[in-house]
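Colleague:
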Amino acid sequence: MKEIKIKKIYDEPSDDDGYRVLVDRLWPRGISKKAASLDEWNKEISPSTELRKWFDHKKTRFEEFSLLYREELKEKEDALNELRKIAKIETLSLLYAAKSP
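Quick note on our numbering: the sequence shown kicks off at 16 and runs consecutively.
#1: Take Asp-60 and list the residues in its own chain whose beta-carbon comes closer than 8 Å to its own, dropping the five residues that flank it on each side.
#2: Can you say whether Gly-45 is buried or exposed, counting buried as having 16 or more other CB atoms within 10 angstroms of its CB?
#3: Would you decide whether Ser-110 is buried or exposed? Buried here means 16 or more other CB atoms lie within 10 Å of its CB.
#4: In its own chain, which residues sit with a C-beta less than 8 Å from the C-beta of Phe-70, not counting the 5 before and 5 after it?
#5: Consult DSSP for Leu-107 and reduce its assignment to one of helix, strand or coil.
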């Protein structure tokens, strides 16, 4: 497996990013599609709208959010397998728009 990176969408794209995937349900504010330089926008593997709203970026909820999100991901094996296939042949950069991952 090649390298998997986790990066902010607001960071400059790099030649060594490989395949760039935005994993967020909402398009990030203040960034154009051209500037994002994406290969894919995969909303399917991002946290559900309900979970995202409940979490509300509150640090006290992160542990439970993490557990609940992992449960959601169990229902998205097909999408995850596609990303695993990509990661076997090239670097995969998972991009997010939140202040912290």
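The beta-carbon is built from N, C-alpha and C at its ideal position, and this holds for glycine as well.
Modeller: This is what the structure holds:
#1: Before going further, note that residue 60 is Ile rather than Asp in the sequence given. Excluding positions up to five away in sequence, the list reads Val-38, Leu-88, Lys-91, Ala-94, Leu-95 and Leu-98.
#2: exposed
#3: Note on identity: in this sequence residue 110 is Leu, with Ser being the wrong assignment. Leu-110 should be labelled buried.
#4: Pro-62, Arg-76, Phe-77 and Phe-80
#5: strand
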